[in-house]
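Enquirer:
Below is the structure:
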């Protein structure tokens, strides 16, 4: 059975809006938390906004021209750098995923980590989500790491790390945490280092 992520997002968004529509205070607090979290990141509110705008335009193009890409792929955007991950069945879909987004304003670099193969099963997706959760937890609990500056994705037991490290020592800790999680096959790092 092929697992489709596209059904989870509308349900999650609908429940969020329904819950907040009943309580304007919840909506205001939620918005404040999002803005506060964005401001706490090293890239700031404008950087988060710019990356969100890029992500939205990519999702729009995929949905408009080849909606299966929304089910099969995930993307991470950090400071205009886009990392595409996931599995598609045909090389033509991989090529289309990249070609559809090449002229999106604000993109500085596209990293194509899309694999060709059978689609993810629910078990594959669950395993990868669990690995991502464990990596994020370890990074969050490490007092020497600014976890808010990192984006973690896992596809096929391969952990992809994006973000901005304050120095090479912090980055080494993040990579070590990811490598130590049970079930991780490989860690691929696309993190920029400030120093």
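Residue numbers (our numbering): 959 to 1153. For glycine and all other residues, C-beta sits at the position ideal for the given N, C-alpha and C.
Going by C-alpha to C-alpha distance, which of 1097, 1039, 1152 and 1124 sits closest to residue 1005?
Expert: As a position in the chain shown, residue 1005 is number 47, starting the count at 1. Nearest option by C-alpha distance: 1039.
Enquirer: Would DSSP call residue 1146 helix, strand or coil?
Expert: Indexing the chain shown from 1 puts residue 1146 at position 188. Three-state result, residue 1146: strand.
Enquirer: Taking the Cβ atom as the reference point for each residue, do residue 1092 and residue 1132 lie within a distance shorter than 8 angstroms?
Expert: Along the chain shown, read from residue 1 onward, the residue named residue 1092 stands at position 134. Along the chain shown, read from residue 1 onward, the residue named residue 1132 stands at position 174. For residue 1092 and residue 1132, no; Cβs fall outside 8 angstroms.
Enquirer: Which residue spans inside the region 1041-1128 form an unbroken alpha helix (DSSP H) run of at least 4?
Expert: 1049-1057 and 1080-1099
Enquirer: Excluding the 5 residues preceding and the 5 following residue 1141 in the sequence, name in chain order all residues of the same chain whose CB lies nearer than 7 angstroms to its CB.
Expert: For the purposes of this step, residue 1141 is identified with residue 183 of the chain shown, where counting begins at 1. Cβ within range, chain order: 1085, 1089 and 1115.
Enquirer: Would you list the one or two residues that DSSP bridges to residue 1032?
Expert: Within the chain shown, the letter at position 74 stands for residue 1032. Residue 1032 is bridged to 1043.
Enquirer: Just verifying my parser: in three-state terms, what is the DSSP assignment at residue 1139?
Expert: Start at 1 with the first residue of the chain shown, and residue 1139 comes out as number 181. Coil, per DSSP.
Enquirer: Should the region 1064-1076 be called in touch with the region 1104-1119, which here means at least 3 C-beta pairs below 8 angstroms?
Expert: yes
Enquirer: Please state if the CB of residue 1056 and the CB of residue 1012 are separated by a distance shorter than 8 angstroms.
Expert: Translated into positions along the chain shown, residue 1012 becomes position 54. Translated into positions along the chain shown, residue 1056 becomes position 98. Contact flag unset, no.
Enquirer: Could you check how far apart the C-beta atoms of residue 1108 and residue 1034 are, in whole angstroms? I think they sit under 8 angstroms.
Expert: Indexing the chain shown from 1 puts residue 1108 at position 150. Indexing the chain shown from 1 puts residue 1034 at position 76. Approximately 10 angstroms separates the beta-carbon atoms of residue 1108 and residue 1034; this is outside 8 angstroms, ruling out the contact.
Enquirer: So is residue 1075 buried or exposed if we call it buried at 16+ other beta carbons inside 10 Å?
Expert: Residue numbering aside, residue 1075 sits at position 117 when the chain shown is read from its first letter. Under this definition residue 1075 is an exposed residue.
Enquirer: Quick one: what's got a C-beta closer than 6 angstroms to residue 1094's C-beta in the same chain, skipping five residues either side?
Expert: Counting from 1 along the chain shown, the entry for residue 1094 is found at position 136. 1110.
Enquirer: When you compare only the Cα positions, how much space is there between residue 1144 and residue 1136?
Expert: The residue you call residue 1144 lines up with position 186 of the chain shown. The residue you call residue 1136 lines up with position 178 of the chain shown. Using only the alpha carbons, I get a separation of about 9 angstroms.
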